[in-house]
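Novice: Let me begin by handing over the structure; questions about it come next.
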Amino acid sequence: MPIDLPTVWAAIIAFAVLAYVVLDGFDLGIGILFPFFADRKERDLMTNSIAPVWDGNETWLVLGGGGLMAVFPVAYATVLPALYIPIILMLLGLIFRGVAFEFRWRTQRASHYWDYGFWIGSTIAGFTQGVALGALVQGIDIADRQYVGGWWDWLSPFSVLTGVAVVVGYALLGACWLNLKTVGPIQDKARQVALRCGVLMLALIGAVSLWSPFINSVYFDRWFGWPTAIFSFLVPALIALCAFALWHGLTKDKHLQPFLAALGLFILSFAGLGISFYPYIVPGALTIEEAAAPDSSLLFLLVGALVLVPTILAYTGYAYWVFRGKMDPDEGYH
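In the working numbering, the protein residues as written are 3 to 336.
See the structure below:
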């Protein structure tokens with residue numbers, strides 16, 4: 003039986019994007035949470051908690067974007083012009099955030115300015131990622147395999163809602179990460195922030211989920227037509243289970259459980275997108291098969307991916323294993 007290479011590659015790209023969201027999400031969340039932790043020592047602990055891993059987390063963004071260009075060139079060529087502005091803003095936010103992360107350690111007198119930069123860069127990056135996702139969900143105007151929409155079609159009430167949802171979700175991940183990695187007053191504060199973010203995150207998931215089926219008839223049929231309507235009960239039930247695990251972990255002084263529960267909310271939301279999209283890569287416009295490169299190219303690239311992806315997973319896992327456990331407040335990034 004021949005291998006369905008476009009579908010295999012769609013799964014690899016989806017995995018890379020999900021890995022980026024769940025890994026880079028919590029360290030973006032650390033920056034988003036800076037206004038809630040005004041003390042310099044608290045902010046130092048927050049950045050120390052992500053210093054060993056934050057650069058490596060962004061590897062998955064490169065893999066996802068580069069893989070999309072190589073494997074699904076038609077999708078890349080049509081989606082990118084539609085999202086130029088949010089993507090450029092996202093990259094500027096990530097660059098400015100990276101610079102601020104390094105420079106805040108080089109000065110005591112002006113460190114608060116770089117703290118503002120770290121917060122603003124992180125928030126812009128998270129918000130524009132959510133806006134780009136919302137724009138993709140609401141649809142992109144394509145004719146003759148080219149983008150025919152306007153410069154500002156990506157900006158809508160729905161895309162703003164998804165942008166806010168991603169920012170709140172990243173803040174939840176960041177707060178749960180601090181609960182996992184710190185002790186004492188900062189952990190207590192992170193736990194309280196996580197509870198508030200969790201409530202708001204669930205409300206935003208509900209709002210986006212209720213709005214999405216009415217944007218496109220394909221989504222409506224997928225979620226309310228048989229047999230896929232079963233997901234309309236299964237996914238919300240699993241989200242409710244993760245929400246309970248999050249609440250239970252935060253109120254019962256659990257450390258790892260809330261973080262895993264928050265990751266579960268993101269994974270289930272991502273799975274919901276996959277259910278809505280499949281078999282499209284650009285909803286309602288291009289299927290996976292239509293957007294894929296020739297099979298010969300996909301096979302050649304797959305050989306490289308079979309080496310590259312396990313290698314990234316190995317060194318990522320090793321980094322997290324080496325820096326496992328609680329932080330020592332007297333040691334850190336300098």
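C-beta atoms are modelled at their ideal positions from N, C-alpha and C, and glycine is treated no differently.
Just to confirm my understanding: we take Trp-153, look at its own chain, exclude 5 residues before and 5 after, and list those with CB closer than 8 Å. What are they?
Specialist: If we look at Trp-153 and ignore the five residues flanking it on each side, its Cβ neighbours are Tyr-86, Ile-87.
Novice: Could you pull the start and end residues of the alpha helix (DSSP H) that Tyr-22 belongs to?
Specialist: 7–34
Novice: Return the chain-ordered list of same chain residues with a C-beta closer than 8 Å to the C-beta of Tyr-317, the five sequence neighbours on each side being excluded.
Specialist: Gly-58
Novice: So, with DSSP's three-state summary, where would you put Tyr-115?
Specialist: helix
Novice: Pro-215 to Leu-275, Cα distance in whole Å?
Specialist: 11 Å
Novice: With a cut-off of 8 Å on the beta carbons, I'd call Leu-175 and Gly-27 a contact; round off their distance for me.
Specialist: 5 Å
Novice: Whose C-beta lies closer than 8 Å to the C-beta of Ile-52 among residues of the same chain, with five residues either side of it excluded?
Specialist: Cβ within range, chain order: Phe-28, Asp-29, Ile-32, Trp-179.
Novice: May I ask you to report which of helix, strand or coil DSSP gives Gln-148?
Specialist: strand
Novice: Who are Thr-289's beta bridge partners in DSSP?
Specialist: Tyr-282
Novice: For Leu-204, count the other beta carbons within 10 Å of its own beta carbon; 16 or more makes it buried, fewer makes it exposed. Which is it?
Specialist: buried
Novice: Compute the distance between the beta-carbons of Lys-183 and Met-329, then report whether it is under 7 Å.
Specialist: yes
Novice: Using a threshold of 7 Å, state whether the C-beta atoms of Val-76 and Arg-147 are closer than that.
Specialist: A contact, by the Cβ cut-off of 7 Å.
Novice: Measuring alpha carbon to alpha carbon, tell me which of Leu-7, Ala-21, Ala-40 ends up nearest Pro-187.
Specialist: Ala-40
Novice: Does the segment 277–285 touch the segment 225–243, meaning 3 or more C-beta pairs lie closer than 8 Å?
Specialist: Under the Cβ criterion (8 Å, minimum of three pairs), the segment 225–243 counts as touching the segment 277–285.
Novice: Measuring straight from C-alpha to C-alpha, what distance separates Ala-167 and Met-48?
Specialist: Counting only the Cα atoms, Met-48 lies some 22 Å from Ala-167.
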